[in-house]
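Asker: Dumping the structure here so I can ask a few things about it.
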Amino acid sequence: MSAFSANRRRILSLWLPRLPIDRIKRKLAQSIASQADAREVGEPSSEVSTLAGLSPPLWGRVGERGTTDAGVCGLPLSLTLPRKGGGNPAADASLTNGNDIPSVVVAKDHNAILLHAIDEAAVHAGLSIGLPLANARAICPELTVYDADPAADLKTLNDIADWCDRFTPLVALDPPYGLFLDITGCAHLFGGERALLQIVTNALSRRGFAVGAAISGTSIAARTLTRHASGKITADGEEAQAVGPLPVSALGADPAITTGLRRAGLKTIGDVAARAPHEISARFGSAFTTLLTCALGQGDAPISPRKPLPDYIVEKRFPEPIVTDTVIALTLQSLAKMLVVAMDKQGKGARQLEASFFRTDGAVRSIMVEIGRPVTRPEMIDRLFRERLEALADPLDPGFGFDLIRLAAGRTEIVVQQQRDLDASVHDNDELSALIDRIAARIGGKRVVVHLPLQSHIPERSALAVPAQHHLAAAIAAAWPERVAGEPPLRPFRLFERPEPIKVPFATVPDGPPHQFTWRRARHEVVRVEGPERIAMEWWQQDGKRLTRDYFRVEDTEGQRFWIFRDGLYESELRDEDGNPVPANWYVHGLFA
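Yeah, the sequence shown ends on 596 if you go by the numbering used here, and it's all consecutive.
Right, dumping it as structure tokens:
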């Protein structure tokens, strides 16, 4: 175990300061590489300058405006930069633009176009974030300009966070371009904190991202070091000594507070920490004092992980990536056995399972399975995932292979032991629940429903459709109105979700049934009628616009039985604004068996 991880909280902070421009460059590199590969195999492709339909950037002509790169969208980690020393010469020459011609991302702020992100070449050219685009063109006429896309940047940051789940399940976003990883008790699995930091930063650098990282005991201290002392690892209690020499701007406080501190002669965090806390609070507020306290390691601000921590997690790492379906299936089987053993020690079963597949190129695919009853058998877990994988519209693509497969129980429950030897109903319920789980794994849990009775006299509101996996026991125990022996059913076996209109040429007034009607282009002659059954609407839940219904049970010449109703009463409700009577509308609401 790492020396710093025993009973002490450890936070790894990541910062990607050039995320917008790095994302765009990776997208362009992937487009150029794909076109180069297409030309090698003789397939037709568009011109390289259009980059597979992407809007071309503006190549630095003075007096022209920046272009919108609307085609550059969120970038998954599976996109890789072209290989050096090979490929198409024209594509390789185009990629050298990132080292020769500065590239920037611009955004509109208060009717001014400002630099939002810049690459390393732009830094060497003297450009900085927040500089107006016109000034940047004056400094560097040869400038490649792209429009900002915050949604795509956020998606890329979330993709990176998914990739970081392989190191710890507690990953939080630190907007706009940062992440927090709670690595408490995890660092020793990767050779210690220094080795873990190198693994993360090197992997992101290979994928074309500029990245800074630091590890400390609090999230604020780690973030402060990441921005201004990347690579720093502080032991517990050494936060104040590490952040003391850094400028006050490293705290990330409001610019007005930073300016006020500098005017007061407090230029470093150590200078501010040397003053009494009540003096700082009186001048700059308690929120800044709390921020300073956390940066010094004297307090802590909790992070908000993107995903809730599962109850149980088992995983398997592979020294060599796996790609075959057989090995993947065997791995899931072994993980299911490990998970069941871990849950069985505390008498629990899984209600929600999630399998995560981590590819070597950084892409992550997760598959979730909901279970109606707590599952305690590994063969059932394996069977559900087989059903889920076979029903995927987007098959599981291993790419160059998976180097980590994880199985997590997101929600568990205590298993209640039942007498299963003599009670046949218990076996029947188990088989029914297993069948529902298998169907739900294939078509989705929301599509397998049961109905529960509701206290309402309105026909369409007298039952509620709910997912069968979560309400099977309630549906079995539900009390429905009993049918009178020897009497026909009062409600149809099939009730439409919405009543369907029918054409009635004439009916006995004021409250008689029709003699014939047309439904779905078919004419039906009425030979038997029962009714009417008058149902008034719930006046306390509607504005009075809903009309009273008169329901009839009718039978046609072919023996088909329908449940139809007239919407409104002739004498009182069926009148226009001038008080003149209007014809009634008729509907069919259900069919009897």
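Virtual Cβ for every residue (Gly too), placed ideally from N, Cα, C.
(1) Flag this pair as yes or no: are the beta carbons of Cys189 and Thr204 separated by less than 8 angstroms?
(2) Is the number of C-beta pairs between the segment 324 to 332 and the segment 269 to 280 that are closer than 8 angstroms three or more?
(3) Taking the alpha carbon of Glu323 as the point to measure from, which residue in Leu407, Arg450, Gly413, Lys449 has its own alpha carbon closest?
(4) Here's the rule: buried if 16 or more other CB atoms are within 10 angstroms of the residue's CB, otherwise exposed. What is Val585?
(5) Which residues does DSSP list as the beta-bridge partners of Trp522?
(6) Nearest to Leu399 by alpha carbon, out of Ile325, Arg441, Val344?
(7) Leu160: which of Leu392, Arg389, Gly194, Leu22 sits nearest, CA to CA?
(8) Taking the continuous beta strand (DSSP E) assigned at Ile218, which residues delimit it?
(9) Measure how close the beta-carbons of Phe555 and Ile538 come, nearest whole angstrom, since I'm counting them as under 8 angstroms.
(10) Where in the segment 183 to 236 do unbroken runs of the beta strand (DSSP E), each at least 3 residues long, occur, reported from the N-terminal end onward?
(11) Excluding sequence positions up to five away, which residues of its chain have a Cβ less than 7 angstroms from the Cβ of Leu294?
(12) When you compare only the Cα positions, how much space is there between Arg362 and Asp397?
(13) Quick one: grab the DSSP three-state call for Pro290.
(14) Is Trp589 buried or exposed, if buried means 16 or more other CB atoms sit within 10 Å of its CB?
(15) Could you check the C-alpha separation between Ser16 and Leu207 for me, to the nearest Å?
(16) Please report the distance separating the alpha-carbon of Ala213 from that of Ile186.
(17) What three-state label does DSSP hand Ser106 in the structure shown?
(18) Which residues in the same chain as Ile442 place their Cβ atom closer than 6 angstroms to its Cβ, once the five residues preceding and following it in sequence are excluded?
(19) Can you find the residues in the same chain that come closer than 6 angstroms, C-beta to C-beta, to Gln336, ignoring five residues on each side of it along the sequence?
(20) Nearest to Glu241 by CA position, among Gln301, Ala232, Val148, is which residue?
(21) Determine, using beta carbons only, whether Val174 and Pro280 come nearer to each other than 8 angstroms.
(22) Should Ala127 go down as buried or exposed, given a rule of 16 or more other Cβ atoms within 10 Å for buried?
(23) Pick helix, strand or coil for Glu241, following the three-state DSSP scheme.
(24) How is His474 classed by DSSP in three states: helix, strand or coil?
(25) Taking the alpha helix (DSSP H) that Met346 falls in, what are its first and last residues?
(26) Contact between the segment 360 to 378 and the segment 460 to 480: three or more CB pairs below 8 angstroms?
(27) Determine, using beta carbons only, whether Lys235 and Ala245 come nearer to each other than 8 angstroms.
(28) Are Val512 and Val532 touching if we call contact CB-CB under 8 angstroms?
(29) Report all residues from its chain with a CB closer than 6 angstroms to the CB of Trp1; omit the five preceding and five following residues, and keep chain order.
(30) According to DSSP, which residues form a beta bridge with Ala353?
(31) DSSP three-state call for Asn114: helix, strand or coil?
(32) To which residues does DSSP link Ser16 through a beta bridge?
(33) Any beta-carbon of chain D closer than 8 angstroms to the one on Gly352?
(34) For the beta strand (DSSP E) that Glu580 lies in, which residues bound it at each end?
(35) Could you pull out every residue in the same chain whose Cβ sits closer than 6 angstroms to the Cβ of Thr306, ignoring the five residues on either side in sequence?
(36) Under the DSSP definition of a beta bridge, which residues are partnered with Pro456?
Answerer: Reading it off the structure:
(1) In the sequence shown, counting from the first residue as 1, residue 189 sits at position 186. In the sequence shown, counting from the first residue as 1, residue 204 sits at position 201. Going by C-beta atoms, Cys189 is not nearer than 8 angstroms to Thr204.
(2) no
(3) The residue you call residue 323 lines up with position 320 of the sequence shown. The shortest Cα separation from Glu323 among Leu407, Arg450, Gly413, Lys449 belongs to Leu407.
(4) If you number the sequence shown from 1, residue 585 lands on position 582. Burial call: exposed.
(5) Looking up residue 522 in the sequence shown gives position 519. DSSP, once it has assigned bridges, lists Ala525 as partnering Trp522.
(6) The residue given as residue 399 occupies position 396 in the sequence shown. Checking every option, the nearest Cα to that of Leu399 belongs to Ile325.
(7) As a position in the sequence shown, residue 160 is number 157, starting the count at 1. Out of Leu392, Arg389, Gly194, Leu22, Leu22 has the C-alpha closest to the C-alpha of Leu160.
(8) Counting from one through the sequence shown, the residue named residue 218 turns up at place 215. Looking at the DSSP string, the run of the beta strand (DSSP E) that includes Ile218 is 215 to 219.
(9) Taking the sequence shown and counting its residues from 1, the one referred to as residue 555 is at position 552. Taking the sequence shown and counting its residues from 1, the one referred to as residue 538 is at position 535. Not confirmed; about 12 angstroms, so no contact.
(10) 215 to 219
(11) Taking the sequence shown and counting its residues from 1, one reaches residue 294 at position 291. The answer, listed in chain order, is Ile223, Leu254, Ala256.
(12) The residue you call residue 362 lines up with position 359 of the sequence shown. The residue you call residue 397 lines up with position 394 of the sequence shown. Using only the alpha carbons, I get a separation of about 16 angstroms.
(13) Here residue 290 refers to the residue found at position 287 when the sequence shown is read from its first residue. At residue 290 the sequence reads Ala, which differs from the Pro that was named. In this structure, Ala290 counts as helix in the three-state DSSP scheme.
(14) If you number the sequence shown from 1, residue 589 lands on position 586. So Trp589 counts as buried.
(15) Numbered from its first residue, the sequence shown carries residue 16 at position 13. Numbered from its first residue, the sequence shown carries residue 207 at position 204. Approximately 14 angstroms, taken between the alpha carbons.
(16) Stepping through the sequence shown from its first residue, residue 213 is reached at position 210. Stepping through the sequence shown from its first residue, residue 186 is reached at position 183. Going by the C-alpha atoms only, they are around 22 angstroms apart.
(17) As a position in the sequence shown, residue 106 is number 103, starting the count at 1. Ser106 falls in the strand class under three-state DSSP.
(18) Within the sequence shown, the letter at position 439 stands for residue 442. Cβ within range, chain order: Val451.
(19) As a first step, residue 336 is located in the sequence shown; it is residue number 333 there, counting from the start. Excluding residues within five positions, the ones whose Cβ falls inside 6 angstroms are Asp385.
(20) The residue you call residue 241 lines up with position 238 of the sequence shown. That would be Gln301, whose Cα lies nearest to the Cα of Glu241.
(21) Stepping through the sequence shown from its first residue, residue 174 is reached at position 171. Stepping through the sequence shown from its first residue, residue 280 is reached at position 277. Contact: no.
(22) Numbered from its first residue, the sequence shown carries residue 127 at position 124. Checking the sequence shown, residue 127 turns out to be His, not Ala. Its Cβ having fewer than 16 others within 10 Å, His127 is exposed.
(23) For this step, residue 241 is matched to residue 238 along the sequence shown. Glu241: coil per DSSP, three-state reduction.
(24) Position 471 of the sequence shown holds residue 474. Of the three classes helix, strand and coil, the one that applies to His474 here is helix, per DSSP.
(25) Indexing the sequence shown from 1 puts residue 346 at position 343. Counting along the chain, the alpha helix (DSSP H) containing Met346 begins and ends at 328 to 347.
(26) yes
(27) In the sequence shown, the residue the question calls residue 235 occupies position 232. In the sequence shown, the residue the question calls residue 245 occupies position 242. Going by C-beta atoms, Lys235 is nearer than 8 angstroms to Ala245.
(28) Numbered from its first residue, the sequence shown carries residue 512 at position 509. Numbered from its first residue, the sequence shown carries residue 532 at position 529. No. Outside cutoff.
(29) Any question about residue 1 goes unanswered here, given that the chain covers just 4 to 596.
(30) For this step, residue 353 is matched to residue 350 along the sequence shown. Beta-bridge pairing links Ala353 to Val378, Thr415.
(31) One-based indexing of the sequence shown puts residue 114 at position 111. Three-state result, Asn114: coil.
(32) Indexing the sequence shown from 1 puts residue 16 at position 13. Ser16 pairs with Phe183, Ala217.
(33) The displayed structure is made up of one protein chain only, and chain D is not part of it.
(34) Counted from its first residue, the sequence shown places residue 580 at position 577. No beta strand (DSSP E) holds Glu580; DSSP gives it neither H nor E.
(35) Taking the sequence shown and counting its residues from 1, one reaches residue 306 at position 303. Correcting the residue type first, residue 306 is Ile in the shown sequence and not Thr. Cβ neighbours of Ile306 beyond the five flanking positions: Ala175, Phe183, Ser222.
(36) As a working note, residue 456 is residue 453 in the sequence shown. Bridge partners of Pro456: Ala466.
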